[in-house]
Amino acid sequence: MKTFNSRTIKPLFAIVSICIMFLTASAQAQQTEPIARWNAAEYGVKPSESEDQTDALQALLDKACQAGGGTVELASGRYRINGNLSIPGGVTLKGTYSVPPTVNRKDDNLKGTVLLAFAGKGDPEGKPFIFLAGDNAVIAGVIIIYPEWDRTVVPPVPYPPCIASRHTNNVGVLDCCLLNPYEGIRMVQAHRHLLRNITGYPIWRGLLVDQCYDIGHVENFHYWPFGLNYNPKDPYCEWINKNGVAFEFARTDWEYVCNTFCFGYGVGYKFSEYRHGAANGNFLGLGADSCRRAVLVEQSQEPGLLITNGEFVGRWTSQDSVCIEVAEGNRGKVSLNNCSFWGPVETCIRSNSTKGQLTANACHFVNWDNGGTGASAIQITAGKAIVSNSTFQQPGTHVEVLPAAKSVIITGNQAEGGLNVEGANLPQTVMSANELNRLDRMTDAEKQQYLIDLGAGDDAVFIRSWHGAEQFVNAQNETITSRWSKRESKVYLPVEPGKAYHLTVRLRANPYRNADASPEAGLWLEDKQVASLSQKETALARPDDTGAITVQIPAQDKERLTLVFKTPGWVPAEVNQRSNDFRTLGVQVDKIEMKAQ
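Converting from the sequence shown to this note's numbering requires adding 288 to each position, the first position being numbered 1.
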């Protein structure tokens, strides 16, 4: 039998002791190692549309915070939340989505994590449904639905913000669908926030940022009528389309906004001034479709708003949409670069700012004046502006400069039919290297005899305040273009000074055959009536049987005359019960000819 002496036992004892110490330390380390992820199902949080999960979920969020932070994971399913949730600092509430989800209808059989919100009905300033309560708090990967929402109730019932944060740093909202909240996200003093990959259709306001003193990031939003069939005449859709604001920026210092889109709002992007000031920032890839005001600048900081690659479309069925409107009191600069404008638009850009400055460079203007009122693509009513290197796809008035403007520089632009600028002769308007229109390039020889076809593409430079172009087929089966005048419409007639002219105006029809038509209805030249549309006795020229008016114009010392059509106006729908035309019309004119004598 083998025996062990003391020299053998001592080394063996040492080895065993070391092993025991290692195993003990390892076990203790395992017991104290912090947990990074919590499965909510293991802590009593379960999908249910009938049982409230608020307390259980809030307890787990608090537990994660007490453990030093981490991620609380919610499995697929619908979770009824009757109360409010507060996500502590360093904690992420994470659903199943890793991309921004979308919803066709709120009662769809959705796969993924869905939170059902009930709290705060009727109280827009109550506690937010989700409050990001501390630094680095995050909500991600969920759909949030308000089940009690009813689109037949107009105005919609207000609720508190769906998600909000205040007095925090580095909070995040990622990969979420906010299907139908009254207010989507509210960030106040939430510095360096990261809001990314958000979808939904918030009702009253989609996002507010205020008092952000270090750069916030807003990226890849898609606010669109998810969950309903959009109809611009539906009372609910119409309410949002006139009262809703998709994105609002108040005081924020260099907000970075990238690739965001909204559809069907009263205002797409609103820049406002609250008690602590206004915004400046970098805005890349903005999109606003079917909005009465795609961008409304009430105020901005002096460094200004840098807007690049914007796509702006007017509200469907409207005739009063303005894509970008800058308010009178705005102090900052609004810089537009490589933006495009189209759809049912009255005016693409209207700048009323007396102190600020507007620049539109390399922009493309497809549609405007959809109501046929003679509106311009760009209107500068005050302040300073630069319009450069841009293109205008349709004829009409491209830029309008009002006398109150201080300085307007227009250079290097191209337009269908040549650039047409109302107010080009004002001393504050400076123009160079623009595509010339027919009026600007007329030679003295061409002024001897010329024809203006109203409704043709090149007539816009000659006229002001007419209805849109129309066509009709005459007795000879010819298609004729024409325009209806308004109560007062103008035609600019270039002439060679010192020469008399023979003017012929051809009217398709004269609606003033009643005996009480105004004696002032007619053609006026430089404040003098030269022809009458009245059937009362008059010595002035009147339409003949073919509808033509002929006027002799004596020699003038000007290079351009202004012919004015004056009428009392009439409304087709008031004359014909089957008509849906509620425009106020004057006379319909198809040709104006000038011939030197």
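Backbone N, C-alpha and C define an ideal beta-carbon position, used for all residues, glycine too.
Beta-bridge analysis with DSSP links W326 to V360. One Cα belongs to G515, the other to I369, and the distance between them is close to 20 Å. For Q346, the secondary structure class from DSSP, reduced to helix, strand or coil, is helix. The continuous alpha helix (DSSP H) containing K530 extends over residues P523 to N531. For K854, the secondary structure class from DSSP, reduced to helix, strand or coil, is strand.
In this structure, the alpha-carbon of A650 lies about 11 Å from that of T699. For a cut-off of 8 Å, the C-beta gap from V877 to S806 is around 18 Å, too long to register as a contact. Listed as beta-bridge partners of C465 by DSSP are I431 and T487. About 25 Å separates the CB atoms of G671 and Q702; that is not less than 8 Å, and the two are not in contact. Around the beta carbon of D502, fewer than 16 other beta carbons sit within 10 angstroms, so the residue counts as exposed. Per DSSP, the beta bridge partners of M882 are Y738 and L791. Under the DSSP assignment, A861 falls in the alpha helix (DSSP H) whose first and last residues are P860 to V863.
With 16 or more neighbouring CB atoms inside 10 Å of its own CB, P490 falls in the buried class.
In the DSSP secondary-structure assignment, P807 is not bridged to any residue. Residue state for V749 is assigned as helix, using DSSP reduced to three classes.
The residues V442, in chain order, have a CB closer than 6 Å to that of P523 in the same chain once the five nearest residues on each side in sequence are set aside. DSSP places K351 in the helix class (H, G or I) of the three-state scheme. The continuous stretches of beta strand (DSSP E) do not include V633, and DSSP gives it neither H nor E. Minimum Cα-Cα distance from A363 among the listed residues D343, I375 and Y385 corresponds to Y385. At the C-beta level, R325 and G356 stay beyond 8 Å of one another.
Beta-carbon to beta-carbon, S623 and I595 are separated by about 7 Å, close enough to satisfy the 8 Å threshold.
Residue state for Y511 is assigned as strand, using DSSP reduced to three classes. Sorting T456, W492 and D350 by C-alpha distance to the C-alpha of Y331 places D350 at the top. A straight-line Cα-Cα distance of about 19 Å links P691 and L707. Going by DSSP, L724 is part of no beta strand (DSSP E) at all; its letter is neither H nor E. C-alpha of K399 to C-alpha of Q607: approximately 42 Å in a straight line. Close CB contacts of G377 within its chain, under the 8 Å cut and outside five residues either way in sequence, are with C353, G357, A421, G422, D423, N424, A425 and T456 (chain order). Counting C-beta pairs with one atom in each stretch, the segment 752-768 and the segment 810-823 have fewer than three that are closer than 8 Å, which means they do not touch.
Counting other Cβ atoms within 10 Å of its Cβ, Q737 stays below 16 and is therefore classed as exposed.
Cβ contact annotation for E436 (same chain, cutoff 7 Å, sequence separation greater than five): F406 and K409, in chain order. Secondary structure of Y331 (DSSP, three-state): helix.
C611 is not a Cβ neighbour of V585, given a cutoff of 8 Å.
The beta carbon of N372 lies closer than 8 Å to those of T342, A407, G408, K415, P416, F417, I418 and F419 in the same chain, with the five residues before and after it left out. Rounded to whole angstroms, the gap between the alpha carbons of S639 and N625 is 16 Å. Under the three-state reduction of DSSP output, L594 falls in the strand class. Following the DSSP letters along the chain, one finds C450 inside the beta strand (DSSP E) bounded by residues P449 to N457.
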